[in-house]
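Q:
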Amino acid sequence: MDVKKKIRPAVRRINCKYITAAVRDLFIEANTDLGADVIFALQDSLTKEESPVGKQVLEKIIENADIAFRNKLPVCQDTGLAVVFIELGQDAHIIGGDLRLSVEEGVREAYADGFLRKSVCDPLSRKNTGDNTPAIIHVEVVPGNRLKIIAMPKGGGSENMSTACMLTPSAGIEGIKQVVLERVLQAGANPCPPIIVGVGIGGSLEQACILAKKALLRPTGEENRKDERLAQMEKELLNNINKSGIGPAGLGGRITALAVNLEMMPCHIASLPVAVNIQCHVARHKETII
Amino acid sequence: MKTPRQIKTPLTDEVITSLNAGDMVLLSGQIYTARDVAHRRLYEALDKGDALPIDLKTAVIFYAAPTPTPPGRIIGSVGPTTSYRMDAFTPRLIESGLRGMIGKGDRSQEVKAAIKKYKAVYFGAIGGIAALTSQCIRKVELVAYEELGPEAIRKITIVDMPLIVVNDVRGNDIYYTARNRWRVKC
Ligand code: SF4
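Structure representation (structure tokens):
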């Protein structure tokens, strides 16, 4: 028996047009249908919020998600920069075009057909590119012959409150916690609290940022299951952030964050990179596998 | 909680001075949408002494850029963007007649001082509830900088838009006081 054949999946051909169609549908869906995990976290936070104004804000956020879904309207007017994570099976063969171009085309179609706001511009002239491209595309090659696409429209208000820094190893756990807490306290009402805080620890400068963004893809309310130390830090940080008083919409209250998600990987012996990616309550991401 | 007070544009001195940070209001009337690039342009026009495309006297500006209007609707989704990015331009606009601003997040000391000095008001709207907020809009008219797409200046007619007074003429700030009130002191 040929063992190799058995464990190695056959090469599968994936036509680009399916990638474009999937990306299009995912961005429209992500913008109009807030995930059940986020709604559940918001409903749960409503039972914990003590401030009457804070409660009212949370109720409106939940009501808005419902109106958006029923009317197929964007949950938020900032329909985001199109961030796309792709896990490409090494035995998938893309045919009929270029992977990146087909993703860009999907974004273009989503933002046109879905009546989504085009929010991308030239950094210097500030001229709008007109179709919400280019997208931010992260491609990772993985085992298998499938293609996973995660679409994440990312709002500018919360992204602006994010940061990355290179701590010294001596700063340790306390240093990391301080960076996260300070960032959230400074951000105040700006990133549309209640927020979700994605933290990337380790790697290099850019890897810490990618880890922080990926941390935002975790279902809201789920702790880090790979490392007990991180799960502990997440709890502590969430608790401390929610002591800040910032509250829903920054109008005061107990619920400033719905979750703190930490992701980590080893780093250089000289470094301790930390990235904090802030996500507003309109935490949108949808995925599919082709 | 008190029931929100209904107020209308144009905002008179009397109304503005009667507003206190933390007051819930329902705003009706005509307001403009303008954000980053439109602010820079208005500011530069003032500098050059050029005519402005909108009358700033007694104006209220909503820091917002809506999503495109789907068929059969008046507007897409619309809600506040973060206000601090307009801070560099705002005191000058207030000095030139701007009376009200709608956005989210803290303002600079300079903006707060101009609010006090020239009797203006900064309202906070809840961010991220744009499908709900769009229901307050009855009419939309493109008035300037069409080439900016979503960032163009639009005149919109609103009815009972729920807002909270963030910065009043007495220098109060609800973000600051509410945060202190709810902070767990340890
Ligand atoms: S931070 Fe999020 S909720 Fe707030 S305006 Fe931006 S995308 Fe919308």
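Respectively, the protein sequence lines represent chains A and B. Quick note on my numbering: the first sequence kicks off at 2 and runs consecutively. Quick note on my numbering: the second sequence kicks off at 146 and runs consecutively. The beta-carbon is built from N, C-alpha and C at its ideal position, and this holds for glycine as well. Note that the coordinates shown come from a computational prediction; the quantities given were computed from them, not determined experimentally.
1) What does a CB cutoff of less than 7 Å around residue 204/A pick up in its chain, not counting 5 residues either side in sequence?
2) Sorted by chain position, which residues of the same chain lie with C-beta nearer than 7 Å to residue 188/A's C-beta, five sequence neighbours on each side aside?
3) Excluding the 5 residues preceding and the 5 following residue 283/A in the sequence, name in chain order all residues of the same chain whose CB lies nearer than 6 Å to its CB.
4) Cβ of residue 34/A versus every heavy atom of the ligand SF4: is any distance shorter than 7 Å?
5) Looking only at its own chain, which residues have a Cβ that is under 8 Å from the Cβ of residue 156/B, when we skip the five neighbours before and after it?
6) Does DSSP put residue 195/A in a helix, in a strand, or in coil?
7) As an exercise, report each continuous alpha helix (DSSP H) stretch of at least 4 residues that is fully enclosed by the stretch 87 to 118 of chain A, in chain order.
8) So, for residue 290/B: in the same chain, excluding its five sequence neighbours on each side, which residues have a beta-carbon less than 6 Å away from its beta-carbon?
9) So residue 116/A contacts chain B; which residues on that side make the cut at Cβ distance below 8 Å?
10) Is the CB of residue 329/B under 8 Å away from at least one CB in chain A?
11) Under 7 Å: does the beta carbon of residue 184/B sit that close to some heavy atom of the ligand SF4?
12) Alpha carbons only, please: which of 253/B, 274/B and 283/B is nearest the one belonging to residue 217/B?
13) So, with DSSP's three-state summary, where would you put residue 284/A?
14) Is there a Cβ from chain B that is less than 8 Å from the Cβ of residue 208/A?
15) What are the start and end residues of each continuous beta strand (DSSP E) run of 3 or more residues lying completely inside the stretch 176 to 249 of chain A, in chain order?
16) Run the CB neighbour count on residue 247/A, radius 10 Å, all protein chains shown included, and call it buried at 16 or more, exposed below.
17) Please report the distance separating the alpha-carbon of residue 252/A from that of residue 321/B.
18) When the Cα atoms are used, what is the spatial distance from residue 226/A to residue 232/A?
19) Indicate whether at least one CB of chain B lies closer than 8 Å to the CB of residue 190/A.
20) DSSP on residue 222/B, reduced to helix/strand/coil?
21) Would you say the beta carbon of residue 282/A comes nearer than 7 Å to a heavy atom of the ligand SF4?
22) What are the residues in the stretch 38 to 53 of chain A lying within 9 Å of chain B by C-beta distance?
23) Does the separation of the CB atoms of residue 281/B and residue 304/B fall below 8 Å?
24) Considering only residues of the same chain and omitting the five flanking positions on each side of residue 149/B, which have a CB-CB separation below 6 Å?
25) Using a cut-off of 8 Å between C-beta atoms, extract the partners of residue 255/A located in chain B.
26) Alpha carbon to alpha carbon, what distance is there between residue 176/B and residue 289/A?
27) Against residue 64/A, what residues of chain B qualify as contacts under a CB-to-CB distance less than 7 Å, listed in chain order?
28) Could you confirm whether any beta carbon from chain B is found closer than 8 Å to the beta carbon of residue 287/A?
29) If residue 190/B sits next to residue 224/B, beta carbons under 8 Å apart, how far is it from one beta carbon to the other, in whole angstroms?
A: Working from what's here:
1) To locate residue 204/A, count along the first sequence from 1; it is residue 203. So the qualifying residues of the chain are 212, 266, 268 and 274.
2) Taking the first residue of the first sequence as 1, we reach residue 188/A at position 187. Non-local beta-carbon contacts of residue 188/A in its own chain, meaning distances under 7 Å to residues more than five positions away in sequence, involve 162 and 279 in chain order.
3) By 1-based counting over the first sequence, the position of residue 283/A is 282. Closer than 6 Å at Cβ, skipping near neighbours: 76 and 77.
4) Reading the first sequence from its first residue, position 33 is the one you call residue 34/A. No - the ligand SF4 has no heavy atom lying nearer than 7 Å to the Cβ of residue 34/A.
5) Taking the first residue of the second sequence as 1, we reach residue 156/B at position 11. The beta carbon of residue 156/B lies closer than 8 Å to those of 203, 205, 244, 245 and 266 in the same chain, with the five residues before and after it left out.
6) Reading the first sequence from its first residue, position 194 is the one you call residue 195/A. Residue 195/A falls in the coil class under three-state DSSP.
7) Whole alpha helix (DSSP H) segments, 4+ residues: 100 to 114.
8) Reading the second sequence from its first residue, position 145 is the one you call residue 290/B. Cβ neighbours of residue 290/B beyond the five flanking positions: 183, 297 and 298.
9) Here residue 116/A refers to the residue found at position 115 when the first sequence is read from its first residue. The contacting residues are 212, 213, 214, 215 and 221.
10) Counting from 1 along the second sequence, the entry for residue 329/B is found at position 184. Chain A contact via Cβ: present.
11) Sequence index remark: in the second sequence, residue 184/B carries index 39 (1-based). No; taking the cut-off as 7 Å, the Cβ of residue 184/B has no heavy atom of the ligand SF4 nearer than that.
12) Mapped onto the second sequence, residue 217/B falls at position 72. Restricting attention to 253/B, 274/B and 283/B, the CA atom closest to the CA of residue 217/B is found in 283/B.
13) Indexing the first sequence from 1 puts residue 284/A at position 283. Here residue 284/A carries a coil assignment [DSSP, helix/strand/coil].
14) Within the first sequence, residue 208/A is the residue found at index 207, counting from 1. Closer than 8 Å: no.
15) Segments of the beta strand (DSSP E) lying fully in the stretch 176 to 249 of chain A: 196 to 204.
16) Looking up residue 247/A in the first sequence gives position 246. Classified as buried, residue 247/A has 16 or more neighbouring CB atoms from the shown chains inside 10 Å of its CB.
17) Taking the first sequence and counting its residues from 1, one reaches residue 252/A at position 251. Taking the second sequence and counting its residues from 1, one reaches residue 321/B at position 176. Cα-Cα distance, rounded: 9 Å.
18) Reading the first sequence from its first residue, position 225 is the one you call residue 226/A. Reading the first sequence from its first residue, position 231 is the one you call residue 232/A. Approximately 7 Å between the Cα atoms of the pair.
19) Taking the first residue of the first sequence as position 1, residue 190/A is located at position 189. Yes - at least one Cβ of chain B is within 8 Å of the one on residue 190/A.
20) Taking the first residue of the second sequence as position 1, residue 222/B is located at position 77. In the structure shown, residue 222/B sits in coil (DSSP, three-state: anything other than H, G, I, E or B).
21) Within the first sequence, the letter at position 281 stands for residue 282/A. For the ligand SF4, a non-hydrogen atom lies closer than 7 Å to the CB of residue 282/A.
22) Shown in chain order are the members of the stretch 38 to 53 of chain A whose Cβ falls below 9 Å from a Cβ of chain B: 51, 52 and 53.
23) The residue labelled residue 281/B in the question sits at position 136 within the second sequence. The residue labelled residue 304/B in the question sits at position 159 within the second sequence. Yes, the Cβ-Cβ distance between residue 281/B and residue 304/B is below 8 Å.
24) The residue given as residue 149/B occupies position 4 in the second sequence. Taken in chain order, the residues that qualify are 169, 170 and 171.
25) Taking the first residue of the first sequence as position 1, residue 255/A is located at position 254. Under the 8 Å cutoff, chain B gives 327.
26) Working through the first sequence from its first residue, we reach residue 289/A at position 288. Working through the second sequence from its first residue, we reach residue 176/B at position 31. When the Cα atoms are used, residue 289/A and residue 176/B turn out to be separated by approximately 42 Å.
27) Looking up residue 64/A in the first sequence gives position 63. Near residue 64/A (Cβ distances below 7 Å), the residues of chain B are 277.
28) Numbered from 1 along the first sequence, position 286 holds the residue referred to as residue 287/A. Under the Cβ distance rule, residue 287/A does not count among the residues neighbouring chain B, no pair being separated by less than 8 Å.
29) Against the second sequence, residue 190/B aligns to sequence position 45. Against the second sequence, residue 224/B aligns to sequence position 79. About 27 Å; that fails the 8 Å criterion.
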